[in-house]
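First comes the structure, then the notes that go with it.
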Amino acid sequence: GKVDREYMDGTQEVSLPFEIAVKAKKNSVANDTIWLVTSELAKIDLVLPSDNNSYEYMGMEVSRPAMKGKDEQGYYYYTIEIVAKIVIERNKQ
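Just so we're aligned, residue 1 is where the sequence shown starts under the UniProt record's numbering, counting upward by one.
Here is the structure:
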């Protein structure tokens, strides 16, 4: 991940990127699948509480699907990036 912002008290706003990839022999299947996954992820109102209060989940961003190409075996690849945003309070007492 990366620190987007850090405050004087040590609190950090952090981005944690993830990637989901789809691979299929038919371009239309890969394309339809990645758009379906993207659509469903955008609908989710995800809550990720910390069991030990080490972070606060602020939400996630889902990118638009991107075609990565076709490999030598004839598979089409599409990806989406998901970025989870959290806040970490470093000086909690």
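Glycine included, each C-beta is placed from N, C-alpha and C at the ideal position.
Exposure label - residue 86; buried when at least 16 CB within 10 Å: Flag for residue 86 reads buried.
In this structure, does DSSP put residue 39 in helix, strand or coil? helix
Does residue 65 pass the burial test, meaning 16 or more other C-beta atoms within 10 Å, or should it be called exposed? buried
Write down the C-beta distance between residue 60 and residue 84 rounded to the nearest angstrom, noting that I regard them as a contact closer than 8 angstroms. 5 angstroms
Just to confirm the assignment, what range does the beta strand (DSSP E) spanning residue 4 have? 2 to 6
In whole angstroms, what separates the C-alpha of residue 26 from that of residue 72? 14 angstroms
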